[in-house]
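In my numbering, the protein residues as written are 4 to 477. Even for Gly, the Cβ is constructed at its ideal location relative to N, Cα and C. All values derive from a computational prediction rather than experimental measurement.
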């Protein structure tokens, strides 16, 4: 009997628990181009994500998904059994950690704004665009998003690590049919508990919630050590900070704080826009609001790509027009011609938004980054994330500051900075190899070659190519 049991045990395969031993599905495997226990990138420029100055001629070594050494190539010993990648003329940055992402894309119907789930295309585009961790800032199919997160972890799908956010918590008045509507603050609280029980780790309130709704959401989420963000209007930024919100979306250009005679719990959309257009860039009132958000420890998410004006800009930000399905591409090209001569106020407001975000950051504010792939359909996953870095530099941030906002700051907000967000010995080998010097030309951000997630390298350009002509279909 013992002999028979021993014979059966010998037939059981031994599984080595290692990041680089992960098995991938036939869907994922073609895009994996580095899967070795020990990897060394030599003679490369390193921007480590901390905001410190870039270092030239560095070697990065990682083993089984963890960084084990970073130092000058002249004095760093490379193990003989390492897979060596020559990084001469190239730049390494941390994997991006962006916090306003969606797994859906706008597809209006008969003049009505609507959105559709992009289950397969967006997760892989996020990864291709250098994102190793994202937060979905609002879901229309939360169970699908939770499944995507799990399938990515299992190696069944291409995509980044995900912090999945709840369905939008919203009152009647939303123009988006895919959003649910609560009828009471108790329903808002119940939503938090229901989705937290199912693995949701962030919650998002929307433009028409009441202060009582927000308080119920914040109290319920905080009781579980989870966080709340908001794209708000009916509740002002100051009111939300007083209640205890953790994060406010879209920089400062959704603030209703400056509407004269604002009615409590009502979103004055038109007056809000006008008040911000009329507010001077150097407004003391705006500075006072920034100071209060900093005092209350509230993070602000910059989503510059979704606000980037049409005039003189790319059809699809970051160079992604050929990724669109033919029907959508044709529509976007026609709209671009029609809209490219819009009022110059758009550009003025966009520059003001940039200036306010920079001022908030310089004051010590927690500025994080995202894309929000919605709007007019010109902002899409992956491409827009690369565009974020370019826009931060246009706004006056240095390249190392831009990378920090888009990596370490996001990781700190998610409380994952002990593992990701910067390049440091002992952290996960989440990093991006870029062909070119990012500081001499920030547009080299579009030349990503390999995106490493937990030490496994994915072919960025091959993933992008696989989505050519498909975005908007799935």
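Asked: Helix, strand or coil at residue 156 according to DSSP, with G and I counted as helix; Found: helix
Asked: Residue 450, enclosing beta strand (DSSP E) - first and last residue; Found: Element bounds for residue 450: n/a, residue is neither H nor E.
Asked: Top-ranked residue by Cα proximity to residue 121, from 145, 98, 458, 112; Found: 145
Asked: Nonlocal neighbours in the same chain, by C-beta distance under 8 angstroms from residue 417, ignoring five residues either side; Found: 100, 102, 136, 138, 166
Asked: Unbroken alpha helix (DSSP H) run spanning residue 464, endpoints; Found: 463-469
Asked: Bridge partner(s) assigned by DSSP for residue 478; Found: Only positions 4 to 477 of the chain appear in the structure, and residue 478 is not among them; the question remains open.
Asked: According to DSSP, residues forming a beta bridge with residue 227; Found: BP columns for residue 227 are empty, so no partner.
Asked: Nonlocal neighbours in the same chain, by C-beta distance under 7 angstroms from residue 53, ignoring five residues either side; Found: 407, 411, 425
Asked: Close Cβ partners of residue 6 (< 8 angstroms) along its chain, the five nearest in sequence each way excluded; Found: Interpretation of residue 6 is limited by its pLDDT of 43, a score under 50 that renders its predicted location unreliable; no figure is taken from the coordinates.
Asked: Alpha helix (DSSP H) segment containing residue 125, residue limits; Found: 124-131
Asked: Start-end ranges of the beta strand (DSSP E) lying completely within the segment 296-381, minimum 3 residues; Found: 302-305, 370-372
Asked: Buried versus exposed call for residue 19 [16 or more other C-beta atoms within 10 Å across all chains shown]; Found: In this predicted model, residue 19 has a pLDDT of only 35, less than 50, meaning its place in the structure is not dependable enough to derive any value.
Asked: Nearest-angstrom Cα separation, counted from residue 299 out to residue 245; Found: 8 angstroms
Asked: Assigned secondary structure, residue 232 (DSSP; H/G/I helix, E/B strand, else coil); Found: strand
Asked: Residues that DSSP places opposite residue 55 in a beta bridge; Found: Looking at the DSSP assignment, residue 55 forms no beta bridge with any residue, so it has no partner.
Asked: Rounded straight-line distance, which links the Cα of residue 81 to that of residue 374; Found: 38 angstroms
Asked: Cβ shell of residue 460 (< 6 angstroms), same chain only, five flanking positions each side left out; Found: 36, 37, 453
Asked: Closest Cα partner of residue 402 within the set 209, 29, 51, 213; Found: 51
Asked: One or two residues paired with residue 104 in a DSSP bridge; Found: 139
Asked: Burial state of residue 170 (16 or more Cβ within 10 Å); Found: buried
Asked: Residue 2 versus residue 291: straight-line alpha-carbon distance, rounded; Found: No information on residue 2 is available, as it lies outside the stretch 4 to 477 that the chain covers here.
Asked: Given residue 159 as reference, the closest of 28, 413, 428, 321 once Cα atoms are compared; Found: 28
Asked: Residue of 24, 31, 25, 310 minimising C-alpha distance to residue 463; Found: 31
Asked: Opening and closing residue of the beta strand (DSSP E) in which residue 206 lies; Found: 205-208
Asked: Coarse secondary structure for residue 84, derived from DSSP in three states; Found: coil
Asked: Option in 132, 252, 109, 129 with minimal Cα separation from residue 143; Found: 109
Asked: Neighbour-count burial assignment, residue 465, 16 or more Cβ in a 10 Å radius; Found: exposed
Asked: Alpha-carbon to alpha-carbon, residue 316 and residue 87; Found: 39 angstroms
Asked: Coil, strand or helix - residue 252 by DSSP; Found: strand
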